[in-house]
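Working notes for the structure below.
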Amino acid sequence: MQDRRENQRSIKKAVSIAGIGLHTGVQTRMTFKPAAQNTGIRFLRTDVPNAKPIPADIDHVVDISRGTTLEHNGSRIHTVEHVLAAISGLEIDNILIELDNKEPPVMDGSAIQFVDILLKAGFDEQDATREYLILDKTITYSDPEKGVDIHALPSNQFRVTFLIDYKLQSLGTQYMSFYSREQDFVEQIAPARTFCFLHEVEELKAQGLIKGGSADTALVMIDRKIEESELDRLQKLFNIDKKLVQSENGILNGKKLRSKTEPVRHKILDLIGDLALLGMPIQGHITAARSGHASNVALVRLLKKEYEKQILAKRFQRRPRERQIVFDTEAIMRILPHRYPFLLIDRIIDFTPGEKITAIKNVTMNEHFFQGHFPGKPVMPGVLSLEAMAQAGGALLLNADEDPENKLVFFSAINNVKFRKLIEPGDQIIFEIELIKFRLRSAKLRGMGFVDGKLVVEADLMASIVDK
39 MQDRRENQRS IKKAVSIAGI GLHTGVQTRM TFKPAAQNTG IRFLRTDVPN AKPIPADIDH
99 VVDISRGTTL EHNGSRIHTV EHVLAAISGL EIDNILIELD NKEPPVMDGS AIQFVDILLK
159 AGFDEQDATR EYLILDKTIT YSDPEKGVDI HALPSNQFRV TFLIDYKLQS LGTQYMSFYS
219 REQDFVEQIA PARTFCFLHE VEELKAQGLI KGGSADTALV MIDRKIEESE LDRLQKLFNI
279 DKKLVQSENG ILNGKKLRSK TEPVRHKILD LIGDLALLGM PIQGHITAAR SGHASNVALV
339 RLLKKEYEKQ ILAKRFQRRP RERQIVFDTE AIMRILPHRY PFLLIDRIID FTPGEKITAI
399 KNVTMNEHFF QGHFPGKPVM PGVLSLEAMA QAGGALLLNA DEDPENKLVF FSAINNVKFR
459 KLIEPGDQII FEIELIKFRL RSAKLRGMGF VDGKLVVEAD LMASIVDK
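Just so we're on the same page, our numbering is the position in the sequence shown counted from 1, plus 38.
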């Protein structure tokens, strides 16, 4: 499988756009701003005092009932999928999106106006390498009751193949493949508008929802017979200026499609936006049949669970790593606050997030503590072997938190300690730490250290995660 190497990019300058939110009906001004490398896509509510940026990732998704909603520290953003699709489709890695209200503007129901303004901002290539999630196995999500099937397949490039199948004549069966963000996204996918059914919109309107929705923000597919006596009511319901007439193409007010396959193109747009929640671009082929936001997000959750170790490694490991090394010393220093002479683990060679970690400490004659600890018979102090074990445990715990760079791990108790063998210069200690219990940022871990396959130290550790 090809391992792609490209640089990350942001935008060159800040650009703004304004409009009404689809579901909440609020007026919002949204500003796209350049962001530093390795910071990702983040939203910020400027109308909320002391609000923190909301990372656009699957861990911050709190609602998918009416679009994708993100939340962090009590700050919430609704209906972000079209904004994310525009950013992902243009291959922007790092960007800050500031909003002065709780929902991005819906515009015309597509992503093209977001794309146009981002193109005007221009792109700034950054020094850091863009990391791809490379699929090496097939991941599948199915919902037999809804006829949904999505498969994420290995491929040497990002591709999407999508099928929709409706009984409605104005939709019918549509099928399309998308091969290239760079060549096809702007013209073929970004202009595709969202579509919905007349009965759905009437129900939502009656419930006081989609307050910003109108015939100008979506394609409304007519799925029932409309009597002449209803035309005035529907005209007011959908905020249509001109007199509403019966449609010949099955779309409310006779609105014309931008292409014959506009509906399936919009489904691809939504999928691209939802896949952005993984936090890095995918190198793989996504095939989807009758999929929507809920199933797209379910697939992203499966992908994250399957590839979480790879995602975390690429988050902290900024340079190509050797085989059998998950984190080298440089990456470890991005996770832990310790520095020489008190950084006591050299490599992390295995890691199952939320479960266990395996770390290495190479004990050399140059260790500072050998100068005063039995210099005639150098022996690693037992308390330092426990400290090295605790640091490995800290790396495991910090990656259980959503904001590890701003957290510290403090150990509150060490029980059942046993030193079974002296640790001497030239030894390599392999620490295996298992998370036994984790609740409310407090944890119990079991740690063991081995030299040449023999157990040399073991302990039960209690710790808490706290803010820096």
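Idealized CB from N, CA, C, for every residue including glycine.
Proximity of residue i and residue j at Cβ, strictly below 8 Å
{"i": "M486", "j": "E470", "result": "yes"}
{"i": "Y170", "j": "M318", "result": "yes"}
{"i": "I306", "j": "A190", "result": "no"}
{"i": "M259", "j": "L316", "result": "no"}
{"i": "M297", "j": "N277", "result": "According to the sequence displayed, residue 297 carries Ser and not Met. Cβ atoms of S297 and N277: not closer than 8 Å."}
{"i": "A230", "j": "H304", "result": "yes"}
{"i": "L483", "j": "L499", "result": "yes"}
{"i": "K506", "j": "L422", "result": "no"}
{"i": "A428", "j": "L122", "result": "no"}
{"i": "K459", "j": "K492", "result": "yes"}
{"i": "V495", "j": "L424", "result": "yes"}
{"i": "K249", "j": "G63", "result": "yes"}
{"i": "I320", "j": "L173", "result": "yes"}
{"i": "I115", "j": "R83", "result": "yes"}
{"i": "I373", "j": "I383", "result": "no"}
{"i": "V417", "j": "I386", "result": "no"}
{"i": "A397", "j": "V186", "result": "no"}
{"i": "G147", "j": "T255", "result": "yes"}
{"i": "R339", "j": "I102", "result": "no"}
{"i": "A510", "j": "V455", "result": "There is simply no residue 510 to check, as the chain begins at 39 and stops at 506 in what is shown."}
{"i": "F275", "j": "K243", "result": "A small correction: the amino acid at residue 275 is Leu; Phe does not occupy that position in the sequence shown. Yes, Cβ-Cβ distance for L275 and K243 is below 8 Å."}
{"i": "I474", "j": "F488", "result": "no"}
{"i": "V144", "j": "G78", "result": "no"}
Member of the options whose CA lies at the smallest distance from the CA of residue i
{"i": "T299", "options": "R458, F161 and Y204", "result": "Y204"}
{"i": "G330", "options": "Q321, L341 and D312", "result": "D312"}
{"i": "D154", "options": "E225, R372, L236 and T66", "result": "E225"}
{"i": "D465", "options": "N400, D270, L341 and V64", "result": "N400"}
{"i": "A228", "options": "P182, K281, R168 and V302", "result": "V302"}
{"i": "L60", "options": "P142, V99 and N76", "result": "P142"}
{"i": "E266", "options": "L282, D254, A256 and L275", "result": "L282"}
{"i": "H237", "options": "V198, K263 and T255", "result": "K263"}
{"i": "Q75", "options": "D131, L460, S502 and P182", "result": "D131"}
{"i": "E44", "options": "I55, V239 and R168", "result": "R168"}
{"i": "I289", "options": "K249, V417 and F235", "result": "F235"}
{"i": "L341", "options": "H376, I177 and D366", "result": "I177"}
{"i": "V53", "options": "D308, D97, F152 and D85", "result": "F152"}
{"i": "Y378", "options": "L201, L272, I150 and A426", "result": "A426"}
{"i": "S333", "options": "I310, I467 and A94", "result": "I310"}
{"i": "L257", "options": "E368, E268 and N287", "result": "N287"}
{"i": "I202", "options": "F380, F408, Q212 and T107", "result": "Q212"}
{"i": "Q195", "options": "Y345, D270, K394 and S215", "result": "S215"}
Bounding residues of the alpha helix (DSSP H) (the contiguous stretch that carries residue i)
{"i": "T77", "result": "Element bounds for T77: n/a, residue is neither H nor E."}
{"i": "H237", "result": "L236 to A244"}
{"i": "A14", "result": "There is simply no residue 14 to check, as the chain begins at 39 and stops at 506 in what is shown."}
{"i": "M403", "result": "Where M403 is concerned, there is no enclosing alpha helix (DSSP H), given that its DSSP letter is neither H nor E."}
{"i": "K249", "result": "Taken as a continuous stretch (DSSP letters only), K249 belongs to no alpha helix (DSSP H), as it is neither H nor E."}
{"i": "E23", "result": "No answer is possible for residue 23: the residues shown for the chain start at 39 and end at 506."}
{"i": "Q221", "result": "R219 to D222"}
Residue interval of the beta strand (DSSP E) (run including residue i)
{"i": "R197", "result": "R197 to D203"}
{"i": "Q65", "result": "Q65 to P72"}
{"i": "R377", "result": "Note, R377: premise wrong, no beta strand (DSSP E); not H, not E."}
{"i": "M318", "result": "No beta strand (DSSP E) contains M318, which DSSP labels as neither H nor E."}
{"i": "V99", "result": "V99 to D101"}
{"i": "I386", "result": "R385 to T390"}
{"i": "E44", "result": "E44 to I49"}
{"i": "R19", "result": "Given a span of 39 to 506 for the chain in the structure shown, any question on residue 19 remains unanswerable."}
{"i": "G59", "result": "Premise fails: G59 is in no beta strand (DSSP E) and is neither H nor E."}
{"i": "H110", "result": "T107 to H110"}
{"i": "H189", "result": "V186 to L191"}
{"i": "E135", "result": "The question names Glu, but residue 135 in the sequence shown is Ile. Counting along the chain, the beta strand (DSSP E) containing I135 begins and ends at I133 to L137."}
{"i": "A501", "result": "K492 to D505"}
{"i": "K475", "result": "Q466 to R477"}
{"i": "G487", "result": "S480 to V489"}
Proximity test, residue i beta-carbon vs the ligand FMN heavy atom, cut-off 7 Å
{"i": "E225", "result": "Only the bare structure without any ligand can be found here, which leaves the ligand FMN out of the picture."}
Meets three-Cβ-pair contact criterion under 8 Å: the region 99-118 and the region 82-89: With a cut-off of 8 Å, the region 82-89 and the region 99-118 count as touching, because enough Cβ pairs lie within range.
Segment contact flag, the region 126-143 with the region 213-226, C-beta cutoff 8 Å, min 3 pairs: Yes, they touch.
contact_flag[the region 151-167, the region 46-55] where n(CB pairs < 8 Å) is 3 or more: Contact check between the region 151-167 and the region 46-55: three or more CB pairs, one atom from each, fall below 8 Å, which counts as touching.
Any alpha helix (DSSP H) of 4 or more consecutive residues that is wholly inside the region 419-458: At a cut-off of 4 residues, the continuous stretches assigned as alpha helix (DSSP H) that sit fully inside the region 419-458 are 420-436.
Segment contact, 8 Å Cβ cut-off, at least three pairs: the region 378-390 with the region 450-457: Because the criterion of three Cβ pairs below 8 Å is not met, the region 378-390 and the region 450-457 do not touch.
Inter-stretch contact (C-beta, 8 Å, three-pair minimum) for the region 64-75 and the region 130-139: With a cut-off of 8 Å, the region 130-139 and the region 64-75 count as touching, because enough Cβ pairs lie within range.
Ranges of the alpha helix (DSSP H) found wholly within the region 144-181, counting only runs of at least 4: Fully enclosed alpha helix (DSSP H) runs of no fewer than 4 residues occupy 150-159 of the region 144-181, in order along the chain.
Beta strand (DSSP E) runs contained entirely in the region 265-347, provided each spans 3 or more residues: Runs of the beta strand (DSSP E) spanning 3 or more residues and lying entirely within the region 265-347 occur at 323-327, in chain order.
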